[in-house]
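Going down the list, the sequences are from chains A and B.
For the first sequence, numbering that gives the first Met the number 0 begins at 0 and goes up steadily by one.
For the second sequence, numbering that gives the first Met the number 0 begins at 0 and goes up steadily by one.
Here a beta-carbon is modelled for each residue, glycine too, at the ideal position from N, C-alpha and C.
Every value quoted in this text rests on a predicted model; they were computed, and no experiment measured them.
2 protein chains.
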Amino acid sequence: MHVLIVEDEKSLHDEVRQFLLESQYLVDSAHTYGEASEKIFVNSYDFVLLDLGLPGGDGLDLLREARRNDQQEASFIILTARGALDDRIKGLDLGADDYLPKPFSLLELQSRMQAIMRRKFGLKRQEITFGSGFSMDVSGRVLRQGDQEVALTKKEFDLLHYLVLHKNRVLTRLQLGEHLWGNVLEDDSDSNYIDVHIKNIRKKLSAFAPTDFLETVRGIGYRVTE
Amino acid sequence: MHVLIVEDEKSLHDEVRQFLLESQYLVDSAHTYGEASEKIFVNSYDFVLLDLGLPGGDGLDLLREARRNDQQEASFIILTARGALDDRIKGLDLGADDYLPKPFSLLELQSRMQAIMRRKFGLKRQEITFGSGFSMDVSGRVLRQGDQEVALTKKEFDLLHYLVLHKNRVLTRLQLGEHLWGNVLEDDSDSNYIDVHIKNIRKKLSAFAPTDFLETVRGIGYRVTE
DNA sequence: CTTCTACAATCAGGACGTGCATAGAAATTC
DNA sequence: GAATTTCTATGCACGTCCTGATTGTAGAAG
């Protein structure tokens with residue numbers, strides 16, 4: 000499950016992010032209107048947690064825009080301090096899936112998300128397939144090739160998961176770093192830890208099947224192709 | 000056993016709740032129609048004790064809605080002051096499992112619940128099997144391997160039960176803590192009590208059969224595999 | 001075609017994090 | 001208050017992740 004947190008207040012953002020990460024969600028963050036708009040447009044999320052009091056624009060416009068672009072399948076949950084019933088009604092009118100007044104407990108957030116998921120998917124398990132016979136069971140955190148299990152470490156699994164989730168799109172090291180570590184730390188990263196992880200993933204997978212679906216795009220980053 | 004009490008009158012609610020807690024049920028409460036609807040949707044209960052005179056909507060609608068959504072396996076017991084035969088018939092028509100006119104004694108409630116459980120599970124007790132010949136009798140709170148009984152403490156049993164219920168899914172310590180202790184996070188509890196329980200479970204089970212079905216997923220949590 | 005250069009792949013060593021074991025303190029039960 | 005259960009504290013062992021240096025390679029320029 001892929002979640003975008005749109006929230007400018009750092010402490011709240013961090014708290015929610017941490018919680019969702021530990022609950023095994025894949026988390027993205029945006030702190031301004033522009034950033035949020037861009038990410039929603041580029042990526043596909045399962046959930047968008049949307050704060051209304053944003054710098055740079057009204058969060059409700061984001062929702063409106065996203066709904067107009069009907070490719071967007073994300074469920075929107077509106078978070079706001081404004082107790083105004085107005086906003087709530089407007090939000091739900093515009094197609095928000097739920098509304099959570101601040102302050103809220105993380106447990107409540109989780110149960111709302113689960114409720115929406117049930118409504119949306121029922122109980123069917125989520126599996127992603129790619130490459131030559133690989134299938135990734137996200138909730139079980141298992142990667143299989145045929146019926147053999149491929150052992151990956153946490154970072155390896157997360158990295159591959161993120162790449163597979165964005166099949167056919169090139170992801171830069173910066174993007175991968177940001178999503179897997181949350182902190183950008185600018186582009187001073189003379190480090191090559193992502194390359195190392197990629198190498199290790201390739202090595203492990205190659206024992207089972209060819210790994211040419213995991214491509215290097217020179218000068219940019221990596222891509223998983225169909 | 001997980002029970003939801005839907006009842007707006009506080010004193011009656013509290014009395015029933017207290018009683019069920021002491022009878023080792025896991026109890027949830029809802030005081031309005033909306034709250035009840037949400038909880039039924041989100042969680043899965045074994046019993047719903049349903050008051051009909053609810054603020055916010057007719058309790059019978061709840062029942063209807065829940066039955067339509069056929070994932071819901073809860074047994075409904077209708078509690079109402081209205082002596083009207085009408086409601087009784089309507090309720091049972093809609094799939095209620097029993098009907099209890101107020102005022103009722105707690106002992107009567109208990110015996111009705113037990114009757115339903117007997118009807119539901121019959122003589123074939125509800126059993127979950129896993130690992131190499133282990134079977135868990137949930138209602139009797141007994142774990143067996145073959146025909147030998149494995150003695151577990153309450154916490155151990157609950158923990159294993161929860162893991163087994165979610166076979167093939169990785170559960171984080173956070174998730175386990177939440178469901179078994181109602182733990183709120185806040186402090187990134189560096190406690191290792193879950194690890195200790197897992198270790199004790201493994202030790203006890205390993206005297207009977209291999210315990211490799213109970214896996215550690217490094218950096219994430221634990222998983223029981225098929 | 002050859003050379004050059006920027007980038008990627010590889011490798012090994014070490015710091016760190018995570019889980020396990022043990023023991024004992026605290027809490028609960030009888 | 002004794003016994004069992006549950007939680008806390010600590011040291012250790014090992015797997016994971018990152019670093020830094022080195023080797024390999026693709027693509028452009030000569």
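> What number of angstroms, rounded off, separates the C-alpha of A:Lys202 from the C-alpha of A:Val149?
Replying inline: Position 203 of the first sequence, counted from the start, is the residue given in the question as residue 202 of chain A. Position 150 of the first sequence, counted from the start, is the residue given in the question as residue 149 of chain A. Near 11 Å, if we compare the C-alpha coordinates of A:Val149 and A:Lys202.
> Going along the chain, which residues of the segment 123-150 of chain A sit with their C-beta nearer than 7 Å to a C-beta in chain B?
Replying inline: Within the segment 123-150 of chain A, the qualifying residues are Ser138, Gly139 and Arg140.
> In chain order, which continuous runs of the alpha helix (DSSP H) of length 4 or greater are located wholly inside the segment 8-41 of chain B?
Replying inline: Fully contained in the segment 8-41 of chain B are the following alpha helix (DSSP H) runs of length 4 or more, in chain order: 9-21 and 32-41.
> CB B:Ile115 to CB B:Val169, shorter than 8 Å?
Replying inline: As a position in the second sequence, residue 115 of chain B is number 116, starting the count at 1. As a position in the second sequence, residue 169 of chain B is number 170, starting the count at 1. No, they are not a contact pair.
> Considering A:Gly220, what are the terminal residues of the alpha helix (DSSP H) in which it resides?
Replying inline: Residue numbering aside, residue 220 of chain A sits at position 221 when the first sequence is read from its first letter. It is not in any alpha helix (DSSP H) - A:Gly220 instead sits in the beta strand (DSSP E) that spans Gly220 to Val223.
>> Can you pull the chain A neighbours of B:Thr171, defined as C-beta to C-beta under 9 Å?
In response: Here residue 171 of chain B refers to the residue found at position 172 when the second sequence is read from its first residue. Using a Cβ-Cβ cut-off of 9 Å, B:Thr171 is close to Glu21, Ser22 and Gln23 of chain A, given in chain order.
>> Using the Cβ count rule (16 or more neighbours within 10 Å means buried), how would you classify A:Gly176?
In response: For the purposes of this step, residue 176 of chain A is taken as residue 177 along the first sequence, with counting starting at 1. A:Gly176 is buried by the Cβ-count criterion.
>> Taking the beta carbon of B:Arg118 as the centre, do at least 16 other beta carbons fall within 10 Å, making it buried, or is it exposed?
In response: Numbered from its first residue, the second sequence carries residue 118 of chain B at position 119. B:Arg118 is exposed by the Cβ-count criterion.
> Any idea which residues DSSP pairs A:Met135 with across the strands?
Replying inline: Your numbering for residue 135 of chain A matches position 136 in the first sequence. Note: A:Met135 sits in a beta bridge opposite A:Ile127 and A:Leu142.
> Below 8 Å, can you find three or more Cβ-Cβ pairs linking the segment 138-148 of chain B to the segment 6-15 of chain B?
Replying inline: With contact defined as three or more Cβ pairs closer than 8 Å, the segment 138-148 of chain B and the segment 6-15 of chain B are not in contact.
>> Alpha carbons only, please: which of B:Ser205, B:Leu162, B:Tyr221 and B:Leu61 is nearest the one belonging to B:Thr31?
In response: Along the second sequence, one-based indexing puts residue 31 of chain B at 32. In terms of CA proximity to B:Thr31, B:Leu61 leads the group B:Ser205, B:Leu162, B:Tyr221 and B:Leu61.
> Straight-line CA distance for B:Asn167 to A:Asp136?
Replying inline: Start at 1 with the first residue of the second sequence, and residue 167 of chain B comes out as number 168. Start at 1 with the first residue of the first sequence, and residue 136 of chain A comes out as number 137. CA-to-CA, the gap between B:Asn167 and A:Asp136 works out to about 9 Å.
> Which of the three DSSP states, helix, strand or coil, is assigned to B:Val2?
Replying inline: The sequence position of residue 2 of chain B within the second sequence is 3, counting from 1. Here B:Val2 sits in strand by DSSP.
> Can you list, in chain order, the residues of its chain whose CB lies under 7 Å from that of B:Asp13, leaving out five sequence neighbours each side?
Replying inline: Here residue 13 of chain B is taken as the residue at index 14 of the second sequence, counted from 1. Around B:Asp13: no qualifying Cβ.
>> Does any residue of chain B have a CB that is nearer than 8 Å to the CB of A:Lys153?
In response: The residue you call residue 153 of chain A lines up with position 154 of the first sequence. Yes - at least one Cβ of chain B is within 8 Å of the one on A:Lys153.
>> So for B:Asp60, helix, strand or coil by DSSP?
In response: Against the second sequence, residue 60 of chain B aligns to sequence position 61. Note: B:Asp60 maps to helix in three-state DSSP.
> Between B:Arg226 and chain A, is there a C-beta pair that is closer than 8 Å?
Replying inline: This structure cannot settle anything about residue 226 of chain B, because the visible part of chain B is limited to 0 through 225.
>> I'd like the span of the alpha helix (DSSP H) that includes A:Phe156, first residue to last.
In response: Within the first sequence, numbered from 1, the residue matching residue 156 of chain A stands at position 157. Its alpha helix (DSSP H) spans residues Lys153 to Leu164.
> Does B:Gly218 come within less than 8 Å of chain A when only Cβ atoms are used?
Replying inline: Translated into the one-based positions of the second sequence, residue 218 of chain B becomes position 219. B:Gly218 counts as touching chain A.
> CA-CA distance, B:Leu179 and B:Met112?
Replying inline: Residue 179 of chain B sits at position 180 when you count from the first residue of the second sequence. Residue 112 of chain B sits at position 113 when you count from the first residue of the second sequence. Annotation: B:Leu179 to B:Met112 spans about 24 Å, alpha carbon to alpha carbon.
>> Spatial neighbours of B:Asp186 within its chain, please: C-beta separation below 6 Å, excluding the five flanking residues on both sides.
In response: In the second sequence, counting from the first residue as 1, residue 186 of chain B sits at position 187. With a pLDDT of 49 at B:Asp186, under the threshold of 50, the predicted position of this residue should be treated as unreliable, though the coordinate-derived value follows. Here the set comprises nothing.
>> Counting only beta-carbon separations shorter than 8 Å, does B:Asn167 have a partner in chain A?
In response: The count along the second sequence starts at 1 and reaches residue 167 of chain B at position 168. Yes, because at least one Cβ of chain A sits closer than 8 Å to the Cβ of B:Asn167.
>> Quick check on B:Tyr221: buried or exposed, where buried means 16 or more other Cβ atoms within 10 Å of its Cβ?
In response: Residue 221 of chain B sits at position 222 when you count from the first residue of the second sequence. Its Cβ being crowded by 16 or more others within 10 Å, B:Tyr221 is buried.
> How would you call A:Gln174, buried or exposed, if buried means at least 16 neighbouring beta carbons within 10 angstroms?
Replying inline: As a position in the first sequence, residue 174 of chain A is number 175, starting the count at 1. Buried, by the Cβ-count rule.
>> Could you compute how far the alpha carbon of A:Ala95 sits from the alpha carbon of A:Val2?
In response: The residue you call residue 95 of chain A lines up with position 96 of the first sequence. The residue you call residue 2 of chain A lines up with position 3 of the first sequence. Rounded to whole angstroms, A:Ala95 to A:Val2 spans 15 Å at the Cα level.
> Within 8 Å (strictly less), CB to CB, does B:Arg222 reach chain A?
Replying inline: The residue given as residue 222 of chain B occupies position 223 in the second sequence. For B:Arg222, the answer is yes, since a Cβ of chain A falls inside 8 Å of its Cβ.
>> Can you find the residues in the same chain that come closer than 8 Å, C-beta to C-beta, to A:Ile76, ignoring five residues on each side of it along the sequence?
In response: Sequence index remark: in the first sequence, residue 76 of chain A carries index 77 (1-based). So the qualifying residues of the chain are Phe46, Val47, Leu48, Leu49, Ala95, Asp96, Asp97, Tyr98, Leu99, Leu108, Arg111, Met112 and Ile115.
> Residue range of the beta strand (DSSP E) that A:Tyr98 falls in?
Replying inline: As a first step, residue 98 of chain A is located in the first sequence; it is residue number 99 there, counting from the start. Looking at the DSSP string, the run of the beta strand (DSSP E) that includes A:Tyr98 is Asp97 to Pro100.
>> Output needed for A:Ser134: all residues of its chain with C-beta closer than 6 Å, excluding positions within five of it in sequence on either side, in chain order.
In response: Position 135 of the first sequence, counted from the first residue, corresponds to residue 134 of chain A. Leaving aside the five residues that flank A:Ser134 on each side, the residues in its chain whose CB is nearer than 6 Å to its CB run, in chain order, Glu126, Thr128 and Arg143.
> By how many angstroms is the C-alpha of A:His196 removed from the C-alpha of A:Asp157?
Replying inline: Residue 157 of chain A sits at position 158 when you count from the first residue of the first sequence. Residue 196 of chain A sits at position 197 when you count from the first residue of the first sequence. Rounded to the nearest angstrom, the two C-alpha atoms are 10 Å apart.
> Roughly how many angstroms lie between the CA atoms of A:Phe207 and A:Gly52, to the nearest whole one?
Replying inline: By one-based count along the first sequence, residue 207 of chain A stands at place 208. By one-based count along the first sequence, residue 52 of chain A stands at place 53. Their backbone Cα atoms lie some 50 Å apart in a straight line.
> Which two residues bound the contiguous alpha helix (DSSP H) that contains A:Leu51?
Replying inline: One-based indexing of the first sequence puts residue 51 of chain A at position 52. Per DSSP, A:Leu51 belongs to no alpha helix (DSSP H) and is neither H nor E.
> The beta strand (DSSP E) with B:Glu148 in it runs from where to where?
Replying inline: Working through the second sequence from its first residue, we reach residue 148 of chain B at position 149. Under the DSSP assignment, B:Glu148 falls in the beta strand (DSSP E) whose first and last residues are Gln147 to Val149.
> When you compare only the Cα positions, how much space is there between A:Arg172 and A:Asn191?
Replying inline: Counted from its first residue, the first sequence places residue 172 of chain A at position 173. Counted from its first residue, the first sequence places residue 191 of chain A at position 192. Cα to Cα, A:Arg172 sits roughly 9 Å from A:Asn191.
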